[in-house]
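In our numbering, each residue carries its 1-based index in the sequence shown increased by 75.
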Amino acid sequence: MGLQGQVTDCSTESIPILLVAVLAGCVTYLRSILHTALRSMGLSRIEPDEGLLDGVASELAGLIILGEQKNANRIFSYDYCCDGEQAAGSDCVVCLSKLREGERVRRLRCRHVFHKGCFDGWLDQMQFSCPLCRFPLVSDRHAGLTERRVCKDLVSFFSLRCENLHRLPIA
Numbered sequence: 076m077g078l079q080g081q082v083t084d085c086s087t088e089s090i091p092i093l094l095v096a097v098l099a100g101c102v103t104y105l106r107s108i109l110h111t112a113l114r115s116m117g118l119s120r121i122e123p124d125e126g127l128l129d130g131v132a133s134e135l136a137g138l139i140i141l142g143e144q145k146n147a148n149r150i151f152s153y154d155y156c157c158d159g160e161q162a163a164g165s166d167c168v169v170c171l172s173k174l175r176e177g178e179r180v181r182r183l184r185c186r187h188v189f190h191k192g193c194f195d196g197w198l199d200q201m202q203f204s205c206p207l208c209r210f211p212l213v214s215d216r217h218a219g220l221t222e223r224r225v226c227k228d229l230v231s232f233f234s235l236r237c238e239n240l241h242r243l244p245i246a
């Protein structure tokens, strides 16, 4: 009797996002306790620090983009075949090994090819560009839109929490 050590209903790419969600829930809970304690002492409401909010939104947007890219890496990977134009560039610049027939690889829009696992490791370092030519995987527009959406969601989430706390009866 014991834990199997296998999680079959959750992909490894979603674990960082799950951890962020749990952490956000814990932070929200601790914030609500602190806010209630400050209100009970008669202290005024503390306004959110815009710089901190922007930083958190930027990091969360990075995790969302990481999840999107890891998912794309899984979906767009294929078995390497040593023919035609792929035979010319047959090295993975991440691990410096030759690409062998049958290995899972990913071709980027810049046409560079890498082992799927090597490219996953590159993404884990929050690098959203081609390891060889630095061609961006994500447009600045998409990254900016994601960050603004996350920031807006954070502001509305924490604002709702504050409004709900003001309505709670203090026992």
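All C-beta atoms, glycine included, are put in the ideal place defined by N, C-alpha and C.
Predicted model only: the values in this text are computed from it and were never measured.
Mind the definition here: the region 186-204 touches the region 102-118 only if three or more C-beta pairs lie below 8 Å; say whether that holds.
-> no
Boundaries of the alpha helix (DSSP H) in which R114 is found, first to last residue = Translated into positions along the sequence shown, residue 114 becomes position 39. Element bounds for R114: 90-115.
Please name the residue, chosen from E143, V97, L113, that lies closest to E198 on a Cα-to-Cα basis.
-> For the purposes of this step, residue 198 is taken as residue 123 along the sequence shown, with counting starting at 1. Note on identity: in this sequence residue 198 is Leu, with Glu being the wrong assignment. Minimum Cα distance to L198 is reached at E143.
Cα separation between R223 and I90?
-> Your numbering for residue 223 matches position 148 in the sequence shown. Your numbering for residue 90 matches position 15 in the sequence shown. Going by the C-alpha atoms only, they are around 23 Å apart.
Cβ-Cβ distance between A136 and V213 below 8 Å = One-based indexing of the sequence shown puts residue 136 at position 61. One-based indexing of the sequence shown puts residue 213 at position 138. Contact: no.
Helix or strand or just coil, what does DSSP make of F189?
-> Stepping through the sequence shown from its first residue, residue 189 is reached at position 114. Here F189 sits in strand by DSSP.
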